[in-house]
Amino acid sequence: MSVADVAYYGVFGEPLFKAVGLAAAAAFLSAASVPLLNRRGARVPMKFHSRLAWTGLLLAAVHIGLVFFS
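At position 62 of the sequence shown the residue is numbered 609 (the working numbering), and the sequence of numbers has no breaks.
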């Protein structure tokens with residue numbers, strides 16, 4: 548099984564690299580929303596901000612790897 552087979556594996560009708568890229572974007576948007584929510588009065592711990600950011604970076608690295616090596 549090659550990297551291209553993995554990258555184009557169907558997940559919810561879309562290729563895997565696209566699903567991972569969308570998940571990375573969602574993680575980055577969620578990380579960006581934590582300080583905004585805290586500013587508006589919602590008490591979201593900042594540890595979630597860093598965890599979401601690291602998750603986004605990991606997913607983005609997987610996404611880039613799938614795209615470049617396929």
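Even glycine gets a Cβ: it sits at the ideal position worked out from N, Cα and C.
Query, Result
"Pairing CB atoms from the region 567 to 574 with CB atoms from the region 588 to 597, are three or more of them under 8 Å?", "no"
"Shortest alpha-carbon distance to H596 belongs to which of S549, F575, V550, G560?", "F575"
"Mapping the DSSP letters down to three states, classify P592 as helix, strand or coil.", "coil"
"Would P562 and A554 qualify as a contact pair, given that the criterion is a beta-carbon distance under 9 Å?", "yes"
"Between which two residues does the alpha helix (DSSP H) containing G560 stretch?", "Careful: G560 lies outside any alpha helix (DSSP H) and carries neither H nor E."
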